Amino acid sequence: MPRRPKTPCKYPGCPRLVPYGRKYCEEHERQCQGDRANAETRGYGREWQKARKFFLKRHPWCVRCKAKGRLVLCFANFSVLSL
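Now the structure itself:
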């Protein structure tokens, strides 16, 4: 079975190739892993998840697409909801 080609490490200036599906080489994976805080720290805790679920249940269609005359189910609500 053919495999997908390796892709370059996403770290700026790194020439290493990594297996398909990974973003960084082993060295930069460790460096970049701590850069991003968890969802709750970023403001997407339990209350936000509940509000998001509530909103999407009542507004299942994408507002931006609906304005253009297309009906597309909404999977993300961007900045429509702010707590």
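Okay, so the sequence shown: first residue is 19 according to the numbering used here, each after it adds one. From the three backbone atoms N, C-alpha and C, an ideal C-beta is built for every residue, glycine too. Please read all numbers here as calculations on a predicted model, not as lab measurements.
According to the DSSP assignment, E47 belongs to the alpha helix (DSSP H) that extends over 44-51. In this structure, the straight-line span from the alpha carbon of L89 to that of G31 is close to 42 Å. Setting aside the 5 residues that flank it on each side, L91 is surrounded in the same chain by P78, W79, C80, each with a C-beta closer than 8 Å to its C-beta; the list follows chain order. In the three-state DSSP reduction, V90 falls in the coil class, being neither helix nor strand. Judged by beta-carbon spacing, K28 lies beyond the 8 Å limit of Y38, meaning their Cβ atoms are not closer than that value.
The residues Y42, in chain order, have a CB closer than 6 Å to that of C50 in the same chain once the five nearest residues on each side in sequence are set aside.
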